[in-house]
Structure formats: structure tokens, C-alpha cells
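Colleague: Once you've had a glance at the structure underneath, I'll fire off some questions.
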Amino acid sequence: MRVRLSSRGGAPAELLITNVHVLDPRAGVDGLHDLLVRDGEIAEVGAPGALDAADGVESLDGEGLHVFPGFVDPHVHLRTPGREDEEDLESGTRAAAAGGFCCVLAMPNTEPVVDNAAVLQSLQQRASIEAVVPVGFLAAITKGQGGGELVEMVELAREGAAGFSDDGVPVADARRLRQALQYQRLCGGVLALHEEDPALSADGVMHEGMTSALLGLAGIPSISESTMIGRDAEIARYERGRLHILHLSAAESVAAVQHAKEAGVEITCEVTPHHLTLTDDVVRSLDPRFKMNPPLRSEDDRSALVEGLRSGVIDCIATDHAPHSREEKEAPFEQAPMGVTGLETAFAALYTDLVIPGVIDLSLLVERITAGGAPYGLAAPTLARGSRANFCLVDLDAGWTVGEAGYESRSENSCFAGRELNGRVLMTVAAGTVAYRDRGFAIRLAEGTVFAGRGTNR
Ligand SMILES: [Zn+2]
Ligand SMILES: [Zn+2]
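Everything in the sequence shown is counted per our numbering, starting at 108 for the first residue and increasing by one.
In C-alpha cells, the structure reads:
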């Protein structure tokens, strides 16, 4: 199975960034360098002051800034086709680029669902015109994500589907999942599972715990997720299949994945920035911006997720970027739809809440936020010489208020809205072309006072 990534491309980047801190944990690079990009490729990573800009190469002073390999988000909802009022391929990938992402994988729960080759091809076609960074598209596991008949997995794999997922809902019928794993043997492609036992989640709207009891709201227990992971890992072991578990939220789920990995199951998993940084305590506000599925859980769950990220039980970070229109999201908590945006805040939220307080190292964050392609067989971006340029330029010291300058996304249902965060992406290069420049950064460049205003980049 070969994942097809589509984007509109652009002029190959020609850049020299001098005296910049390059951090590429996978390559063991962590220090000051000059970085030269020619014709969209990493031409040289040299000692500071060693490289000169040739004609036609834009020179940037990187003092005090960091360059990381481009982030990869394996789980976004671009709402296209069907709900382009909430997000489209252009706005969604612009939001990705603004967050430092050089590649995203989109979920198929659109209108119509991506459950046949025609819908998949038309999305790939649209992305080749509209997408600012490369996008891969997953196809559904069952037709219409209805949990019944399987999609034509072999054909969809041939057309470059990134994988298969009924995300939004679980594959409730164990026999159906088993069948899909049997087809996986023919066509490859990971099955990405939204794990939730509908009988246990029932009509819950938040995590089942002290806070839900206090608020008198119906809860979704942690075991709704972990028991399904246990079931599906067993089926995958039996069928010798390959699973990727979406958005882990509970301590029991981390334990279930760890157990499966130790038993030799081919299983990977992801965690979102909001589950790593927030708990159900914030739901006391009854602000629908804190309503998502799976829900924010307890502090014990949150710390188990952080520990899972650190130990490697959790492979990568994914935003589960889920735009919703303002009208829909402004409903009372119980009625509001589940989901939050996340592309533009992922790095800064994790840097601010986990790296600055010393909970995890910057290199671990960079490693896990660039690892999202691996479960789908995509190589991680690298700053190695000769590779396609995929990186972001970040000012770690720059503070900003989420939402104050608006969003690139068409929706604004961010659970970090109004938060003061540190770490601002100034530029993203994706697939060899400059996909994003921070507005303030572009202005300062034009004025010839590059980086003079650091820390006031709002
Ligand atoms: Zn989901
Ligand atoms: Zn999702």
C-alpha cells in the first residue's frame, strides 16, 4: 500500500538561515548551525558562519530561533467534502502550516463519507490544487461508516488511501473488524480505530467521574475506551493484523496498549495536546469548547498519558483537529457537538504546559510531534542533507494570546482560546516550498529589523 500525498506545491525554497539552533532528535542534531536550502532541498547544515548566501537565496538571521523537522499530524478533520463552511482543504492546510505541520492525514467522516474510489480521487485532485501542505486521505472501514458492509479496501488502497478508519464512531461489531483485518492482509494499510463501546458511552457528554457527578451530567467511563482497545488488540493478535489506536484518553487505555505491545501485537497509538494538558476540571465552566470525544479525563489519566508519551507506549502526537461552526458550538454544553480545533496551538500548548515546567524535554516533544506518519508507513521528516525540505522555524520565547489575531482555520472552537502561550511558528517549509510565514515575521523582514521585536510577536 502506497499512501498518496497531495498538495499544490509552489516555488522551490531557496533559503539560508544563519546561526539557528537546529534540533533533529532522530538524527542526533542539537546545536547552532547555518542551514542552507537550495531548490527545495536541504543542501547543507554547517557550522555557524560557514555558509554564504548565493544569488537568489533569501538570507534569514536565525539567532535565538529554532529549526525543527516539520511536524506531522496523522489525525485531522478537514470537513471536505460537505462542510466547507467549517473548513476546506485550503484553510485546513493553512492552519496546519501555521502550526508548523508539513504533512497531515485527513479522516474520512465527511459528507459524503470517503468510502469509494471516486470520492477519494476527487479529494486528491482538489488537494493538488488547494492544499498548502501535503495531505493524505484515509478511507472509511465500512460503507457510510455505518458499521455494516466493508468498503472496497483493495481498490481504495490501490488509489493511495492513507489507511482505513471509521473515526467518529467505533467498529462496534467484532466480526466486522476481524473481516477488515483479513482484507488488510491483501492490501496492507493500517486500521485506525476510534475506540469506544457505545453501550458504555451511551448518552455521556463528558468523562464519568467526580466532576460529572457534581455537574449532574451523563458520563463516559474510561472503560468505554480501554475495553474496546483490549478487544481489538486481541483480534489483531489473532489475525496478525496491524492497528493504530486514535486519541488515547485514559490511564487504562495506556495500560491496554502497553500490554498489547508486550504481547507482540502490531499496534501503535496517538495522544492529543488537549488530553496531555487539560482535565475534566475545566468542564466545570460548561464551556462547549471543552467538549470533545474522547472527553478530557482526570489528572491521573492525564499524567498516565504524559508517562506513556515519555516511555514510548504512545508513539506520536495527533491534534484530532475538529472544526465546528460557531452556531453549532455555541449550543448549551449537553447539546453542543464534540470536537476542538488544534493545528495552530498544538506545539505551543505542549511547549508551554509540558516543556517549560520541565515535565518533558523539548527533544521528546519534537520527536513525538514529528512521528505521526510512521503508523501509516510514512518516513519522518529529516534535516539530513539531500532530503526534501520539511521544517519549521520557531521562536520559543515569543508569547502570544490564542485567537487574538484570529485563526487560519475557518473555525474557532479552540480549547486554548484566550490562553497565553509561548512558542510561535514563524515559518514552515513543506515538501520543499515555503508554506507559511508568520505575518509579524514577514513585516519585520520587510523593515529589515528581523527578530528585533522578539517576545512581542503578537
Ligand atoms: Zn475519534
Ligand atoms: Zn477524529
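Backbone N, C-alpha and C fix where the C-beta goes; we use that ideal spot for every residue, glycine too.
1. Would the stretch 493–500 count as touching the stretch 272–281 if we require 3 or more Cβ pairs under 8 Å?
2. Bridge partners for Glu-151 per DSSP, in chain order?
3. Can you list, in chain order, every residue whose CB sits closer than 7 Å to a heavy atom of ligand 2?
4. Quick check: the stretch 415–431 against the stretch 377–385, are at least 3 beta-carbon pairs closer than 8 Å?
5. Taking 8 Å as the limit between beta carbons, can you name the residues of its chain near Tyr-458, skipping five residues before and five after?
6. How big is the Cα-Cα spacing for Gln-231 and Arg-115?
7. Which residues does DSSP pair with Phe-271 in a beta bridge?
8. Buried or exposed: where does Ala-157 fall if 16 or more other Cβ atoms within 10 Å of its Cβ makes it buried?
9. Taking C-beta to C-beta, are Ala-325 and Ala-306 nearer than 8 Å?
10. Alpha carbon to alpha carbon, how far is Ala-154 from Ala-429? Give it in angstroms, no decimals.
11. So is the beta-carbon of Asn-400 under 7 Å away from any non-hydrogen atom of ligand 1?
12. Please return the same chain residues whose Cβ sits closer than 6 Å to the Cβ of Arg-433, not counting the five positions on each side in sequence.
13. Excluding sequence positions up to five away, which residues of its chain have a Cβ less than 7 Å from the Cβ of Glu-315?
14. Give me the residue from Val-174, Leu-353, His-140, Ala-205 with the minimum Cα distance to Gly-479.
15. What does DSSP give as the partner residues of Asn-400 in its beta bridges?
16. Taking 7 Å as the limit between beta carbons, can you name the residues of its chain near Val-447, skipping five residues before and five after?
17. With a threshold of 8 Å on Cβ separation, who are the neighbours of Gly-117 within its own chain once the five nearest residues in sequence on each side are excluded?
18. Can you list the alpha helix (DSSP H) stretches of 4 or more residues lying completely in the stretch 170–209, in chain order?
19. Do you know how far the Cα of Glu-359 is from the Cα of Gly-330?
20. Can you tell me which of Arg-186, Arg-190, Glu-266, Glu-193 puts its alpha carbon nearest to the alpha carbon of Ala-213?
21. Whose C-beta lies closer than 6 Å to the C-beta of Arg-409 among residues of the same chain, with five residues either side of it excluded?
22. Does the CB of Gly-525 have a neighbour CB from chain B at under 8 Å?
23. Enumerated in chain order, which unbroken segments of the beta strand (DSSP E) with a length of 3 residues or greater are wholly contained in the stretch 446–529?
24. Would Phe-244 pass as a contact of Met-260 if the rule is Cβ separation under 8 Å?
25. Does the beta-carbon of Asp-407 have 16 or more other beta-carbons within 10 angstroms, so that it is buried, or is it exposed?
26. Taking the alpha helix (DSSP H) that Ile-330 falls in, what are its first and last residues?
27. Roughly how far, in whole angstroms, is the beta-carbon of Leu-172 from the beta-carbon of His-128, given that I think they are within contact range, below 8 Å?
Modeller: Result, derived from the coordinates:
1. Segments in contact, no.
2. Note: Glu-151 is bridge-paired with Leu-143 in the DSSP secondary-structure output.
3. Ordered along the chain, residues surrounding ligand 2 are His-182, His-184, Met-214, Asp-274, Gly-275, His-301, Leu-353, His-354, Asp-427, Ala-429 [Cβ under 7 Å from any heavy atom].
4. In short, these stretches touch, since the Cβ pair count reaches three.
5. These residues qualify, in order along the chain: Leu-469, Leu-472, Leu-503, Leu-528, Asn-529, Gly-530.
6. When rounded, the distance between both Cα atoms is 10 Å.
7. DSSP, once it has assigned bridges, lists Ala-246, Leu-298 as partnering Phe-271.
8. A residue is called buried when at least 16 other Cβ atoms come within 10 angstroms of its Cβ; Ala-157 does not meet this threshold and is exposed.
9. The criterion of a C-beta distance shorter than 8 Å is not satisfied by Ala-325 and Ala-306.
10. Distance between the alpha carbons of Ala-429 and Ala-154: 42 Å.
11. Answer for Asn-400: yes, Cβ within range of ligand 1.
12. No residues qualify anywhere along the chain.
13. Within the same chain, Glu-315 has close Cβ partners Gly-326, Ile-327, Pro-328.
14. It is Leu-353.
15. DSSP lists no partner for Asn-400.
16. Same-chain partners within the cutoff: His-381, Arg-396, Met-399, Ala-429, Asn-520, Ser-521, Cys-522.
17. A distance below 8 Å between beta-carbons, with the five flanking residues on each side excluded, links Gly-117 to the following residues of its chain, in chain order: Thr-540, Val-541, Ala-542.
18. Listed in chain order, they are 196–205.
19. Checking the displayed sequence, the identity of residue 330 turns out to be Ile instead of Gly. Their backbone Cα atoms lie some 7 Å apart in a straight line.
20. That would be Arg-186, whose Cα lies nearest to the Cα of Ala-213.
21. Within the same chain, Arg-409 has close Cβ partners Thr-386.
22. No chain B appears in this structure, which consists of one protein chain only.
23. List check, beta strand (DSSP E) in window: 498–508.
24. No, Cβ-Cβ distance for Phe-244 and Met-260 is not below 8 Å.
25. For Asp-407, the number of other beta carbons within 10 angstroms of its own is below 16, and it is reported as exposed.
26. Start and end: 330–346.
27. 7 Å between Cβ atoms; contact.
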